[in-house]
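S.K.:
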Amino acid sequence: MRTGRPRQPIEIAESVEQLYALYRQEKDGLKRRRYQFAYELKRAASTDAAAKACGISGTAADTWVRWPRQGGLTELIAGQNWVGRRHVGGRLSEEQEGALVQEAAAG
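Shown next, in the form of structure tokens:
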């Protein structure tokens with residue numbers, strides 16, 4: 177379990193019952209997990225407990241906690257959907273890549 181600063185309250189206007197209903201109705205897996213996370217936080221669970229209940233890492237939980245502070249539940253549900261590392265481009269220059277493609281085509 178992580179230690180550090182105490183958790184600051186997160187302003188989510190929806191009630192626990194509303195969050196649970198939204199969680200149950202959602203078909204998209206990621207959005208459903210985010211509704212579950214909001215539900216767990218609203219139930220006064222710690223960030224770590226909410227993350228564990230949702231099956232996400234502590235790092236993801238820290239990111240997800242920032243979004244409601246910026247724009248409420250809608251910001252949490254619409255948050256970034258990054259999976260893995262972002263593509264930063266190849267290591268070969270365009271000339272090197274072109275030469276490699278020609279060499280591969282020649283056999």
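The numbers in the working numbering rise by one with no breaks, and the one at position 7 of the sequence shown is 183. Just so you know, even glycine gets a beta-carbon here, dropped at the ideal spot from N, CA and C. These numbers come from a predicted model, not from an experiment.
1. Give me the Cα-Cα distance between E190 and T239, rounded to the nearest whole angstrom.
2. Could you give the distance in angstroms between the alpha-carbon of K207 and the alpha-carbon of I253?
3. Give the straight-line distance between the Cα atoms of R267 and E273, rounded to the nearest whole angstrom.
4. Assuming C230 contacts Q212 (C-beta within less than 8 angstroms), just tell me the rounded distance between them.
5. Let me know if V241 comes out buried or exposed under the rule of 16 or more other beta-carbons within 10 Å of its beta-carbon.
6. Under three-state DSSP, which class holds E202?
7. Can you tell me whether K203 is buried or exposed? The criterion is at least 16 other CB atoms within 10 Å of its CB, across all chains shown.
8. Mind reading off the beta-carbon distance from A214 to L195? Whole number of angstroms is fine, and I expect it under 8 angstroms.
9. By Cβ distance, which residues of its chain are closer than 6 angstroms to A226, with the 5 residues on each side in sequence left out?
10. What do you get for A282, buried or exposed, if any count of 16 or more other CB atoms within 10 angstroms of its CB means buried?
M.R.: Concretely, from the data shown:
1. What you label residue 190 is simply residue 14 of the sequence shown in a count that begins at 1. What you label residue 239 is simply residue 63 of the sequence shown in a count that begins at 1. One C-alpha to the other measures close to 20 angstroms.
2. Translated into the one-based positions of the sequence shown, residue 207 becomes position 31. Translated into the one-based positions of the sequence shown, residue 253 becomes position 77. Those two C-alpha atoms are separated by around 6 angstroms.
3. Against the sequence shown, residue 267 aligns to sequence position 91. Against the sequence shown, residue 273 aligns to sequence position 97. Taking the straight line joining both Cα atoms gives about 9 angstroms.
4. Translated into positions along the sequence shown, residue 230 becomes position 54. Translated into positions along the sequence shown, residue 212 becomes position 36. C230 to Q212, Cβ: 5 angstroms. Contact.
5. Position 65 of the sequence shown, counted from the start, is the residue given in the question as residue 241. By the 10 Å Cβ count, V241 comes out buried.
6. The count along the sequence shown starts at 1 and reaches residue 202 at position 26. If DSSP states are grouped into helix, strand and coil, E202 belongs with coil.
7. Locating residue 203 in the sequence shown gives position 27, counting from the first residue. An exposed status is given to K203, since fewer than 16 other beta-carbon atoms sit within 10 Å of its beta-carbon.
8. Locating residue 214 in the sequence shown gives position 38, counting from the first residue. Locating residue 195 in the sequence shown gives position 19, counting from the first residue. The Cβ separation is near 5 angstroms, so the contact holds.
9. Residue mapping note: residue 226 aligns to position 50 of the sequence shown, counting from 1. Excluding sequence neighbours, A226 sits near F213, E216 and L217.
10. Stepping through the sequence shown from its first residue, residue 282 is reached at position 106. Here A282 is exposed. Its C-beta has fewer than 16 other C-beta atoms within 10 Å.
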